[in-house]
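Novice: Residue numbers (this note's numbering), protein chains in the order written: chain A, 1 to 194; chain B, 195 to 388; chain C, 389 to 775; chain D, 776 to 1162; chain E, 1163 to 1245; chain F, 1246 to 1328; chain G, 1329 to 1605; chain H, 1606 to 1882.
Positions of the beta carbon are idealized from the N, C-alpha and C atoms, including for glycine.
Treat the numbers as computed from the prediction; the structure is a model and nothing was measured.
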Ligand SMILES: Cc1ncc(C[n+]2csc(CCOP(=O)(O)OP(=O)(O)O)c2C)c(N)n1
Ligand SMILES: Cc1ncc(C[n+]2csc(CCOP(=O)(O)OP(=O)(O)O)c2C)c(N)n1
Ligand code: SF4
Ligand code: SF4
Ligand code: SF4
Ligand code: SF4
Ligand code: SF4
Ligand code: SF4
Ligand SMILES: [Mg+2]
Ligand SMILES: [Mg+2]
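1) Compute the minimum distance between the beta carbon of residue 1659 of chain H and the heavy atoms of ligand 6, and state whether it is under 6 Å.
2) For residue 893 of chain D, which of D:921, D:928, D:880 has the nearest alpha-carbon?
3) Can you check which of these residues, E:1213, E:1219, E:1222, is closest to residue 1228 of chain E by C-alpha distance?
4) Using a Cβ cut-off of 9 Å, pull out every chain G residue sitting near residue 1695 of chain H, in sequence order please.
5) Could you check whether the Cβ of residue 1346 of chain G sits closer than 7 Å to any Cβ belonging to chain H?
6) CA-CA distance, residue 104 of chain A and residue 1025 of chain D?
7) Compare the Cα-Cα distances from residue 1692 of chain H to each of C:481, C:477, C:476, C:467 and report the closest residue.
8) Any C-beta of chain A within less than 9 Å: which residues of the segment 703 to 726 of chain C qualify?
9) For ligand 6, any of its heavy atoms closer than 6 Å to the Cβ of residue 1274 of chain F?
10) Closest by CA to residue 538 of chain C, which one among C:401, C:513, C:682, C:580?
11) Going along chain C, which residues have a C-beta under 9 Å from residue 1672 of chain H?
12) On the DSSP letters alone, give me the boundaries of the beta strand (DSSP E) that residue 1700 of chain H sits inside.
13) When the Cα atoms are used, what is the spatial distance from residue 1634 of chain H to residue 288 of chain B?
14) Throw me the rounded Cβ distance for the residue 1386 of chain G and residue 1453 of chain G pair, which I believe falls under 8 Å.
15) Taking 6 Å as the cut-off, is the beta-carbon of residue 1732 of chain H closer than that to any non-hydrogen atom of ligand 10?
16) In chain D, what lies closer than 7 Å to residue 1663 of chain H by C-beta?
17) Helix or strand or just coil, what does DSSP make of residue 1060 of chain D?
18) Can you tell me which of D:1125, D:1161, D:1137, D:1139 puts its alpha carbon nearest to the alpha carbon of residue 910 of chain D?
19) Within a Cβ cutoff of 7 Å, which residues of the same chain sit near residue 457 of chain C, ignoring the five residues on either side of it in sequence?
20) Would you say the beta carbon of residue 424 of chain C comes nearer than 6 Å to a heavy atom of ligand 6?
21) Can you tell me where the alpha helix (DSSP H) with residue 1042 of chain D in it begins and where it stops?
22) Taking 6 Å as the cut-off, is the C-beta of residue 1215 of chain E nearer than that to any heavy atom in ligand 4?
23) Residues in the segment 796 to 827 of chain D with C-beta within 8 Å of chain H's C-beta atoms, listed in sequence order?
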């Protein structure tokens, strides 16, 4: 299986607070890219006491080639679901890297160039379950990031989730994608290289 | 304090069975020679399960010079208080080395050239306490071995034993010395070198 | 709380996006491991947790959480004696507690696998940070001279492969095998390929093949590895951590002790080339070789590629067997190169070994970090360019 | 059952015909040790037994037999934190069990002395036979990189001297110190001189000398050794085996961790020449030098004298500090000699260190025995004459 | 135990409060509840019975119940703790 | 338990006997005593009550109490154990 | 009932960051509060108190409180405490341990400390789970409960800490929950005031690692469960037998006097000194 | 009562030298005899019995008897036994331990084995001393007794093994002395026949290391002391209270049924297999 895009080395960080489902999201995203799309993916995350309600972080390095160094060095994309995370990690973003925030939670962005969507509010208000914010985010990523192919992500969800939870998650995913498309219709063309 | 005899390196083994007081004897003899006479003495002994009633052994290396190697290599004098000990260790005796046995216990000596005295019988019959055999032996050594000076040994006993036990031990010591003198009056002249 | 897991007796090859620790479990099950005893400790805990879920689903799988690490390794030894392929997993403090039993397993020639996911430290140290500080301990942690096999892995697929390898070697040579991972390797998720159990080389201990009365449990032989019956199979033998004679009975007779010890060392020494596992990258014409293992080998890999691009003839020798030390391979590069570089997340534990065999032939450079952070490709590149 | 022992507060010098283990006790008491916790094990047991008799007779002496070796070292660390000079004694299996707490003491910089009387083994091995198999374990037995001081002694007087030395170094550098003896040295009786306590150099830990509010428990300093108050003295500090900042509070910030670790190593490294204790015999013009320690150094001593008589210019370098490895001294002879010989009652544990620093300069010969028997002068002489 | 409701003021340090809800769940006076920020807050201080439950059970030492007189007298001393 | 005194023979393997004296001290028939070599020996076999105490309590498995009939019948089999 | 919180603040380390690392609603913080109040009540100075703690969430409290604090190794707290007390019997030594710490890996030291009657107040913060490492079962996890290492329900019986302490010979044995904080204050204060080994078991909830996996929706539910389930020892016998088995008695189970090890040791030293005069 | 000794000989290893290394009169040999008779009585084959032993004089018996024998490390016998039993529940696993082995260093494993109810018959050969290492006190050395590490008399209380086993949850707890060999045979046989964890404490004399230091002239005196001192459990209550405290009860203290760990584990495996079908 040859992945559709040739990726040199793409470094992505999902960050926020414990309880926002960031670690799950990292796993799902990584599994989708690695198993369904055939990319090389190395996913790491924060462990330790912060995991109990403190800061939470999941990193993915994605490439079409085998990955030697598994940790991000300079982020291509930072996703921040909390103000602290945004403040703390922005400096790891490489020049020209992208920033995506939950703008219902991150009120002050360190730059004006960013994508913002209210994942948490969307999840709470449109779906009635705040825990689905991570899937809303995944949907948004599927629109915003060219190699995050919706079909693959959905397939990934299908194999990893029990039917009981599948439906609501797919709904959240769809919501995220739609909302992102609405707000940033032409975003995919912005990407120049991976 | 300069020791009276110049000793190159003299290797002595006391051997027999657990319960015969061999380990105590080794300590007393060693302490006397080292502390009272100023010789260098390295005393080692057997440990392990044999110590519970099995074979028992105490080795002394005695010298006027500091002792490097602390274990005997070729014995100058073997004292055997059991037949097994005599059989087992006789081959470690160096050519021209001396053998002293309790001839009430060791019935077959591997050579005809040996000293024999019935320490155990003496202790039992003359002193009424079989445990004193080791002190009888010490007395005999004080006669038989030139550098085992009676005065020093007695002094050693005095400092190491509580008054309660001292008298009977000195009596045993005296007995051994007398008996040895009686049986081997001129033995000390036999020694050519140490 | 677990939900259903599909049948475990998979015959077909499949892939998984898995943690290093998860890959260890997959490797162990593939190798035929059916017994795990352990005690939780970060960052190895997932191994126990996944085993707790998987083993009870196997027809003969046993998972047991013991009261501590001493007990864990005790139970693993017991299970192995009873015929099971057995393992435990732990991290620094727990590994220190296991030392007495590692010596016992070595002396009694009990096959088993211990995974030690290294974390920062000494002592409680940095429970959630990576390090490579237990390398010399893996070799020398127990008292008395003893042979041991120590392996390592630097990515998730290797976690699986080397776990299988660890079981194979332990069964083949009746020796405890230690697999040293680091927090990064154990906690990275990557895609792994789980091979088909039928096509993969799996080794199991050789059983005696004579009537019990003729069985001499620790008899000398060319291979030096005595066949090993399970307890209760009809070969009633004695197992003891005391020095023992060929019948297994305690002895302190020097000639018997000597024979035992020589055989224990010989059985590992003479199969050195079977045990030595290394991997070379860009080494043929290399003038400078980086010798690395574990997660640092990944940084080194990138650094070597970058150095090549910048015109340095660099190579990477990745050690997957740490002990017995892969001396021949290392010596080859010592002869070939003007410098070898040993980057490590410790104060220089493998570089000692390299220096020991160097004999003044090459220049041995070290690069050490002990602050809980991985050594980056850039750091290695810098040393490479100066070497 | 004990009979009377005379007053312990002797001021005058005296001599004793004592076991090596007994000399350890004399040395410890002389150095000011007032706390012993231990668990019996051959061949170290006499140390505990004599302590059990002596300590309760001192006004502040505490002897306690704990439930195992882990507990013993735990209690010793506790007592040292409470201000006592403290020690324990053990042998192989017990030493293996102590490894976790050795790392803790190293990390928390708790002064204490551990005597390990080596017996044959790995595992239960040869409980009543001598060996030198725990040398590398003493250096590397606990997990994670850590500094440690390891001493040894080869005769009864040295047992006393080196015990005092061990306490002095541990107090001076706030470090656990391991004194490695062997069964022969521990179980030989010889005359020892017990020096007058007043005239002997005795070092005690430095206490803080500022008001408590200004006390920073692990502050950086030139010496690298922070002053150490006792628990309850008014300086309320936090002790932890986690990596900690200068205040003693847990931290995982790389720069703080790095500083801590560097200081721990530096405080030993920079006082290397104070810690290195060696003894040379007939070395000035030697062409072949035997490097030995423990009981084997005695055999080597005789062998060297004999070799000289036979015309070989032999010398003896006796190591009393094993770690940090006395590299400068060894390197001197590597340069000077055509060969160095390292006889050991193990498979070659110190010879590894010698080879590591040899760098091809000299020829390093080994002579090893692991059958529970001492290496004799004759054996060494043979190698000497061929070298 | 003093039960003079008029005398007490309940205050919470939101920085230390982790919003576990224990105080609110067991407060006999229904004085407390969790606010929209997830932290405890006083909703009807007047009904406080000064029973001390909340102070004794807050795992984060984030609730202070003070008698008014005390507040008046010890303003400065207390201030240090509130800073 | 058979108590027919006539029927039994008590024998001791001196090689295995360590002379602890337990058998002699507790034998209700006063059958046994420690000899001059420190080993147990039978002094009055006739009074043996075949109570089994000695066999059950010899820590060294050095005493055998056999009924005479058994001895006659099983000579060969037993022989192996006595060899 | 005034000044409760300020009092606690007074004993906290002012150079440490708060709030502490424990999860929302974790009962360990309540125990810390109770301990501080007890120390205060007895008029002990901060300097004479040594708090020795094990590894686990419970042990984490050592870093926050302004006593002499020693954060030891997992399971070995009581061995350090024994050394400290024997070295300086004037110190008030408090050992804080988790259930895993005290009874899984550390069970032996617990028995021996009780047997020796060493002068230590031992607090076991029993949350029936390994909190710190992420929710594995401990030896006090009840049968059929779920944990990450008992995904099919715990198949092993659990310890009754009180029974063990009694059998090992502890002269003072008491139990409370963090909800019953008056009792808790009382038994800790009593324990601290007594010589010798005094055991206090505190039932404390861990919603993060235990509650979630075992049908407790919130941490508050766990406190409610204590309210329903715990029963004062003297009320227990009034219940019908089968109900007795369902409930957890709290209160003081043993309260006896016997000389502590450090006292006995001092007596020996004295005797020997007399004899040698 | 015939063929007692020959029977034992039949179970001894014929390629080992006898007499064994134990001291004259050491009770450990009597326990070995009793164990062999019990195995024989139950018709167990030599092959299905695994004897796991600790380090100590007691552990030495493992080498002499013709079962599957594992001589482990000091204090850890029950951990090996647990692994063996879980790995192969068909084996009859017997753990032989000294008092130091089982309760000093090994106390924790003892508690946990009892709690888990793992299928092991645990024999503790309690001679109240460390025999093998030369007479140091153990945690069962009675107060005021002398040993090489308590030269001024033992200052620590001693364990009551039976109480500990009960508190830890052992379903079968019994005690005998080596003098009461009929009882010993009976309780060992019963223990061997039961599933789960079964504890047998055997009081056995060590004259060499304990008796000599504590006013027993000969080993026989120690047996006489058992005769005088031990009392069947059911006769105990008939004595006046103060005399009760002087005497050591022997007999069966607990005899209950509860499923063993290996049985429960098998049930889980079964359940899961059913569910996955
Ligand atoms: C020797 C060792 N083994 C394992 C660990 C890992 N570990 C840290 S805390 C802990 C258990 C914590 O449980 P508990 O004692 O009940 O405390 P809690 O966190 O629940 O308060 C474990 C197993 C360790 N630090 N050291
Ligand atoms: C880890 C360890 N510590 C100490 C020892 C030394 N040791 C051997 S046996 C023993 C105690 C023996 O006492 P016990 O268990 O009561 O058995 P007994 O000899 O009395 O039958 C000790 C401490 C050891 N082998 N291993
Ligand atoms: S109890 Fe404390 S932490 Fe919990 S909600 Fe109330 S104030 Fe906040
Ligand atoms: S003191 Fe009592 S009534 Fe007042 S707020 Fe607190 S819990 Fe409620
Ligand atoms: S009981 Fe046995 S060993 Fe003891 S004296 Fe009698 S026969 Fe000999
Ligand atoms: S069977 Fe009884 S009566 Fe006969 S010898 Fe033995 S103990 Fe004495
Ligand atoms: S994990 Fe449990 S024990 Fe640990 S802090 Fe959270 S609630 Fe408390
Ligand atoms: S020392 Fe004691 S326990 Fe050991 S064999 Fe001798 S009598 Fe038995
Ligand atoms: Mg807990
Ligand atoms: Mg014992």
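Specialist: The structure says:
1) no
2) D:928
3) E:1213
4) Those within 9 Å of residue 1695 of chain H in chain G number zero; the least Cβ separation is about 19 Å.
5) no
6) 34 Å
7) C:467
8) none
9) yes
10) C:682
11) 624
12) 1697 to 1703
13) 42 Å
14) 4 Å
15) yes
16) Those do not exist, as residue 1663 of chain H stays about 14 Å from chain D at its closest Cβ, beyond 7 Å.
17) coil
18) D:1125
19) 427, 478, 482, 485, 486
20) no
21) 1029 to 1044
22) yes
23) 814, 815, 816, 817, 820, 823, 824, 827
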